[in-house]
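Protein chains in written order, with my numbering: chain A, 1 to 338; chain B, 1001 to 1338. Following: one structure in structure tokens, then a few remarks.
2 protein chains.
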Amino acid sequence: MHNINIKELARALNLSTSTVSRAFRDNSDISKGTKQRILAKAKELNYQPNHYASNLREQRSKTIAVIVPELANNFFSQAIHGIERIAREKGYHILIYATEDEYEKEVSFIHHLHNGRADGIIMSVSGEANDHTYLNELAQKRLPLVFFDRVYEDIVTPRVITNDYDSSFSAAEHLIKQGCSRIAYLVINKNLSIGKTRMQGYIDALEKYHIPFDDRLIVDCSNSYKKNNTILKKMLKELKPDGVFTSVERLAFATYYACYDLDIRIPDDLKVIGFSSLEIAPLLNPSLTTITQPATEIGVEAAMLLFKMLESPESVDVNKKVVLDSKLIKRKSTEKKA
Amino acid sequence: MHNINIKELARALNLSTSTVSRAFRDNSDISKGTKQRILAKAKELNYQPNHYASNLREQRSKTIAVIVPELANNFFSQAIHGIERIAREKGYHILIYATEDEYEKEVSFIHHLHNGRADGIIMSVSGEANDHTYLNELAQKRLPLVFFDRVYEDIVTPRVITNDYDSSFSAAEHLIKQGCSRIAYLVINKNLSIGKTRMQGYIDALEKYHIPFDDRLIVDCSNSYKKNNTILKKMLKELKPDGVFTSVERLAFATYYACYDLDIRIPDDLKVIGFSSLEIAPLLNPSLTTITQPATEIGVEAAMLLFKMLESPESVDVNKKVVLDSKLIKRKSTEKKA
DNA sequence: TAATTTTCAGAAACCGGTAACAAACAGACG
DNA sequence: CGTCTGTTTGTTACCGGTTTCTGAAAATTA
């Protein structure tokens, strides 16, 4: 048994397809009586207008694409949660794509989206390469794009970010005030603007407190747990920092594991602070001081911005930047010795 | 500037649309030369076949829908990650829907999917209500459905689950062997089969070790953190259990928080074990003994099963059940006093 | 009552592809 | 040279809706 279509429904009611179609859209003229009759019959026969036929005719899909570097990550899953909520309220569906931080996948996803599959794109970039021209084609096709959190500076499109510079400055300042003077900064992709911005906050805080900058303390990490463990252990042994500031949640965990392995006590020997959306940071051993981004809210804002662009493209400045505040939450991992 | 379509591409090449169309599908006859010429021109003009037009004609969408209770949850985000990987390999796209454990949303999502938007559905159910007839209509529409993890027993469709009974039995047994005799079982939805199965393992383990069953120790929790905190504190004070077994990750965290508040020491005063997909369970204070489900693999298996159904519906028995093993990982939260 | 406007329903074109069928053309063969 | 076969391309109907245009009937107005 196949799906019932508008033709069959029309025949069952002895009406034309155009009349039946009208019953499902509010604007057109149709008598109240027939509309009722059609809707009743439609419900009885469980008729749903074919989505692809409507989309083809109307030239819009009521679907938005969400591209993120990874899914199994607290920040992104919370952000998607926020996007999903707004999309549902607006009657939109969301397609999810994970780039796994691979540039090729990012390019491929974007290219495929040129086919009308989605009406707009919300994206947090992978940041693996420097050629972002493939994103410029979107504007030509009138496919609105909103960046969130991880962005490309050279692409002009609205974005939702957090006050990364201030947060980083505060984070480094906090470590300094807790007595740290050799603070390592852990980053995954130094080239990505978010990594750079956060690093600048760290550097400026050092300068304010006249702490010499040692570039060996800027540690470039990878996405592999194993490699990071090696890198971090080496760094901890050789450079003996008394504070670690991680620009990414995962690196805070990696630091914990490395410290466990090396019998370095947190916070006595080493204080740790990190960007993190982990809800159970208070349950860690020791509880982790975090800069927590409003992940769900970022998703919500990004989605609302995209919908605004869809509803009236002129109303949104392409340079629009929504900046939300992260929160520095002090916990045991940066406590001073009693 | 609008999207270029097949007609314009054909005109640019002085060919008919059918010839151009053929260049993009492998089966049809077309000379090698023209195919090359077409593909080159397509690339030059950045032509992408309109997805909705193809879908309408071919009556399939190359899209699968994934319905989960929540997104901001380690288990589900890992499972989606697994699904996404397989889908991408197969050239499929995935639509994501979160029910937020609300029955109405689940029904509404399923109903909307009758419109051809997706070729198949992978779902973990909300379990809020008892009428699941809306799912039976899917089979009539030849819309394949695969359950994973949280399933409805009364719906006959392939499923991917874990050995919940055995895992629960082992978990309870582990607590008993560690010296617990008053073990609370924390559950969110007692009616859901997964809650029942897991509870049975717990009950049978108690029986095997001749430990009396006290139904006050079966604690029905909610999805609200605040409510759970109240419920758990009350339970801990009144019933003084020496072990807690949580059927859901979130409840293990809630137990930790409650114990912190009440100064109950884990594991000395109370041992805790729980189902959890948290990768950083070793970093908790104390590290949490978990039954860890192979979340990503569950997603992968569910997706592979769905694709098998799509490729040859007869080849998959509707009673097909893929059972994967969870792992019991012992950590400090269930350690015996030295 | 006749003229005019309004209301409501149907016919048909259209969205952008796909594929069955038709046709043109080249080469093989008697 | 004519017929046959195979290859390649074009013509056209179709997928399932939406919407413009058209016309008949009903309602309003003169």
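Just so it is clear, CB atoms sit at the ideal spot from N, CA and C, and this is done for glycine as well. Values in this document were obtained by computation on a predicted structure and should not be read as measured data.
| Query | Result |
| --- | --- |
| Just by C-beta distance, which residues in the region 1047-1062 of chain B are closer than 8 Å to chain A? | Q1048, P1049, N1050, H1051, Y1052, A1053, N1055, L1056 and S1061 |
| Measuring CB to CB, does A1258 of chain B end up less than 7 Å from L1217 of chain B? | no |
| Could you compute how far the alpha carbon of Y152 of chain A sits from the alpha carbon of T197 of chain A? | 12 Å |
| What is the rounded straight-line gap between the Cα of E44 of chain A and the Cα of L1239 of chain B? | 53 Å |
| What did DSSP end up calling L328 of chain A once you bin it into helix, strand or coil? | strand |
| Using a threshold of 7 Å, state whether the C-beta atoms of S1333 of chain B and T1289 of chain B are closer than that. | yes |
| Check whether the Cβ of K327 of chain A lies closer than 7 Å to any Cβ atom in chain B. | no |
| Quick one: what does DSSP say Y1209 of chain B is sitting in, helix, strand or coil? | coil |
| Compute the Euclidean distance between the alpha carbons of K1320 of chain B and T1246 of chain B, then round it to the nearest angstrom. | 28 Å |
| Figure out for me which residue from B:Y1260, B:D1214, B:A1079 and B:L1236 has the closest Cα to the Cα of E1340 of chain B. | As shown, chain B starts at 1001 and ends at 1338. That puts residue 1340 of chain B outside it, with no answer to give. |
| Should E106 of chain A and S126 of chain A be called a contact, given that it needs their Cβ atoms to be closer than 7 Å? | yes |
| Using a Cβ-Cβ distance cut-off of 7 Å, determine whether Y256 of chain A contacts chain B. | yes |
| Distance cutoff 7 Å, beta carbons only. Does G1116 of chain B sit that close to anything in chain A? | yes |
| Let me check understanding here. Comparing Cα to Cα, which of B:S1016, B:P1294, B:A1087 and B:D1029 lies closest to K1308 of chain B? | B:A1087 |
| With 7 Å as the threshold, decide whether the Cβ of E314 of chain A is near any Cβ in chain B. | no |
| Find out if the Cβ-Cβ distance for the pair I52 of chain A, N1005 of chain B is shorter than 7 Å. | Checking the displayed sequence, the identity of residue 52 of chain A turns out to be Tyr instead of Ile. For Y52 of chain A and N1005 of chain B, no; Cβs fall outside 7 Å. |
| Check whether chain A comes within 7 Å of L1009 of chain B, counting only Cβ atoms and requiring the distance to be less than that. | no |
| State the start and end residues of the unbroken alpha helix (DSSP H) segment that holds I38 of chain A. | K32 to L45 |
| Should M1 of chain A be flagged as near chain B, meaning a C-beta pair shorter than 7 Å? | In this predicted model, M1 of chain A has a pLDDT of only 46, less than 50, meaning its place in the structure is not dependable enough to derive any value. |
| Return the chain-ordered list of same chain residues with a C-beta closer than 7 Å to the C-beta of E1132 of chain B, the five sequence neighbours on each side being excluded. | This sequence places His at residue 1132 of chain B; Glu is not what is there. Around H1132 of chain B: Y1152, D1154 and I1155. |
| If I follow the unbroken beta strand (DSSP E) through G1091 of chain B, where does it start and stop? | Looking at the DSSP string, G1091 of chain B is not in any beta strand (DSSP E), and its letter there is neither H nor E. |
| Quick check on the burial criterion: 16 or more other C-beta atoms within 10 angstroms. Buried or exposed for T230 of chain A? | exposed |
| For a contact defined as C-beta to C-beta under 9 Å, what are the partners of P286 of chain A on chain B? | N1285 |
| Report the CB separation of D119 of chain A from L310 of chain A in whole angstroms; it is logged as a contact under 8 Å. | 6 Å |
| Identify which residue in B:T1017, B:S1276 and B:D1214 has its Cα closest to the Cα of S1167 of chain B. | B:S1276 |
| Give the secondary structure of L1186 of chain B by DSSP, where H, G and I count as helix, E and B as strand, and everything else as coil. | strand |
| Can you have a look at H111 of chain A and say buried or exposed, based on whether 16 or more other CB atoms are within 10 angstroms of its CB? | exposed |
| First and last residue of the beta strand (DSSP E) that includes G274 of chain A? | K271 to F275 |
| Could you spell out the range, first to last residue, of the beta strand (DSSP E) harbouring T1133 of chain B? | Premise fails: T1133 of chain B is in no beta strand (DSSP E) and is neither H nor E. |
| Following a CB-centred definition, is A1254 of chain B positioned closer than 6 Å to any heavy atom of the ligand PLP? | The ligand PLP is absent from the structure shown, which contains no ligand whatsoever. |
| Could you round the C-beta distance between I280 of chain A and F1253 of chain B to whole angstroms and report it? I think they count as a contact, below 8 Å. | 5 Å |
| How close, in whole Å, do the beta carbons of N967 of chain B and G116 of chain A come, if the pair is a contact with beta carbons under 8 Å? | Not covered by the structure: residue 967 of chain B. The range shown for chain B is 1001 to 1338. |
| Measure the C-alpha to C-alpha separation of C180 of chain A and N285 of chain A and round it to an integer number of angstroms. | 20 Å |
| Using the beta-carbon of each residue, which ones in chain B are nearer than 7 Å to L370 of chain A? | Here chain A covers residues 1 to 338 and nothing more, so residue 370 of chain A does not appear. |
| Mind pulling the chain A residues with CB within less than 9 Å of I1110 of chain B? | Ordered by position in chain A, no residue passes the 9 Å Cβ test against I1110 of chain B, which lies about 11 Å from the chain. |
| Is there at least one Cβ from chain A nearer than 7 Å to K1141 of chain B's Cβ? | yes |
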